[in-house]
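K.L.:
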Amino acid sequence: METILITGGMGFIGSHTCVELMEAGYSPIIVDDLSNSSIKVLDGIEAITKKRVPFYQLDVADFEALAQVFAQHTIDAVIHFAGFKAVGESKEKPLHYYCNNLNSTMSLLKCMDRFGVGRLVFSSSATVYDSMHHVLLTEETERWCTNPYGWTKFMSEQIISDHVATRPDASAVLLRYFNPVGAHESGLIGEAPNGVPQNLMPFVTQVAVGMRDKLSVFGGDYDTPDGSGVRDYIHVTDLARGHVAALAYAKEHPGCQAVNLGTGRGVSVLELVTTFERVNGVAIPYEITARRPGDAPMYYAETRRAEELLHWRAERSLEDMCRSAYHWQRKSMGLWEDPNERTR
Ligand code: UDP
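So in numbering that gives the first Met the number 0 the end of the sequence shown lands on 343, straight run, no missing numbers.
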């Protein structure tokens with residue numbers, strides 16, 4: 000059984016990946032400073048998997064603290080999620096983002112080097128692409144970022160790639176996520192944003208449960224089929240399984256490889272809203288407002304490389320994403336009323 004260190008394992012994608020790793024027979028260890036997550040996530044993971052995952056509360060940028068974890072366990076590979084992720088905040092506090100996200104990546108690589116761990120899966124993002132000028136994004140599409148968060152992903156990719164190039168046996172997969180949404184089907188783990196959600200799906204689920212009056216649809220005059228912005232939404236469980244596939248790939252293939260994780264299908268804001276209303280039987284009041292500065296009109300993933308190299312493809316539908324996101328929102332607020340669900 001391989002032992003996998005997961006940095007940022009208490010976050011939205013990290014926690015789902017931890018569950019899928021355990022289902023696939025891996026033994027995860029979580030490191031997280033809880034700066035943007037809760038210790039309760041560990042209980043959610045345990046309720047799903049019936050196992051308690053070893054957890055260390057520390058900042059990955061703290062090399063000595065991280066080295067102690069490496070010294071205590073025989074780690075076969077690392078999945079690196081830890082990092083700040085709010086695009087808007089990164090524009091207000093660029094240094095905060097560059098220091099944290101880049102120092103974490105470098106501290107982790109140094110630790111891996113010291114302890115002879117050569118396999119890494121990195122949580123990157125489609126935000127590294129120049130999506131203002133390209134719609135179908137392949138791994139070869141020109142890259143350009145419009146905010147410090149994006150640049151930290153771009154630079155971390157470069158640092159990892161340069162490092163791996165100096166180690167003949169080392170391997171890294173840079174997973175470029177499109178828009179992860181939804182939640183584990185149990186409703187026991189999900190996305191828990193702090194304050195006003197900046198992303199579409201958590202805002203929609205908060206409107207659905209009455210926490211917010213209405214959704215602002217940022218822009219209704221884009222050159223897209225219905226005028227609203229188009230993205231490639233991917234179910235977080237599919238995304239999590241992509242990490243399991245990437246670990247297996249990296250074991251057999253030295254070198255550094257970037258791979259998109261998306262569905263390959265573009266969905267507009269309005270299509271997401273109407274699908275959410277239909278599958279959940281709930282109204283989402285909205286108004287069309289001004290475009291959000293920096294938003295691209297439309298982009299989605301070319302998924303061929305993930306299929307060919309990782310033998311992975313997204314399986315869950317937009318309906319599944321909307322249902323599971325709402326289920327999680329209600330359950331986490333104690334609102335879940337379905338008697339079948341209670342007795343399950
Ligand atoms: N969006 C919106 N209202 C919101 C949040 C987002 O209309 O309250 C739109 C946004 O303009 C984009 C899409 O939803 O077209 C996805 O935005 P999100 O912030 O979730 O992800 P992004 O692709 O911008 O990283």
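For every residue, glycine included, the Cβ atom is placed at its ideal position computed from N, Cα and C.
What does His79 pair with, by DSSP beta-bridge criteria?
P.N.:
Paired residue(s): Thr6 and Phe121.
K.L.:
Is it the case that the CB of Arg291 approaches a heavy atom of the ligand UDP more closely than 8 Å?
P.N.:
Arg291 Cβ: within cutoff of the ligand UDP.
K.L.:
Going by the beta-carbon positions, is the gap between Leu20 and Leu246 smaller than 9 Å?
P.N.:
It is a contact, given that the beta carbons lie within the stated cut-off.
K.L.:
State yes or no: is the C-beta of Gln344 nearer than 8 Å to some heavy atom of the ligand UDP?
P.N.:
Since the first residue shown for the chain is 0 and the last is 343, residue 344 is missing from the structure and cannot be characterised.
K.L.:
Taking 9 Å as the threshold (C-beta atoms), are Glu190 and Ala85 in contact?
P.N.:
Taking 9 Å as the Cβ cut-off, Ala85 and Glu190 do not qualify as a contacting pair.
K.L.:
According to DSSP, is Gln197 part of a helix, a strand, or is it coil?
P.N.:
DSSP places Gln197 in coil when its eight states are reduced to three.
K.L.:
Tell me which residues share the same chain as Thr342 and place their Cβ nearer than 6 Å to its Cβ, disregarding the 5 neighbours each side in the sequence.
P.N.:
Note that Thr342 has pLDDT 39, beneath the 50 cutoff, so the model's placement of it is unreliable and no number is given.
K.L.:
Would you say Ile29 and Met9 are within 9 Å of each other, going by their C-beta atoms?
P.N.:
Yes.
K.L.:
DSSP beta-bridge partners for Arg230?
P.N.:
BP columns for Arg230 point to Val266.
K.L.:
Applying the criterion that 16 or more other CB atoms from any shown protein chain within 10 Å of the CB defines a buried residue, is Gly87 buried or exposed?
P.N.:
Classification of Gly87: exposed, given that the 10 Å Cβ count is below 16.
K.L.:
Are the CB atoms of Val172 and Phe114 nearer to each other than 9 Å?
P.N.:
No, these two residues do not count as a Cβ contact at 9 Å.
K.L.:
Which runs of the alpha helix (DSSP H) fall wholly inside the segment 105-174 and span at least 4 residues, in chain order?
P.N.:
Fully enclosed alpha helix (DSSP H) runs of 4 or longer: 147-164.
K.L.:
Taking only runs that begin and end inside the segment 257-310, name each unbroken alpha helix (DSSP H) of 4 or more residues, in chain order.
P.N.:
Qualifying alpha helix (DSSP H) stretches, in chain order: 268-279.
K.L.:
Excluding the five sequence neighbours on either side, which residues of its own chain have a C-beta within less than 6 Å of the C-beta of Val229, listed in chain order?
P.N.:
If we look at Val229 and ignore the five residues flanking it on each side, its Cβ neighbours are Thr223, Gly265, Ser267 and Met297.
K.L.:
Would you check if the distance between the CB atom of Ala76 and the CB atom of Glu184 is smaller than 9 Å?
P.N.:
No, the Cβ-Cβ distance between Ala76 and Glu184 is not below 9 Å.
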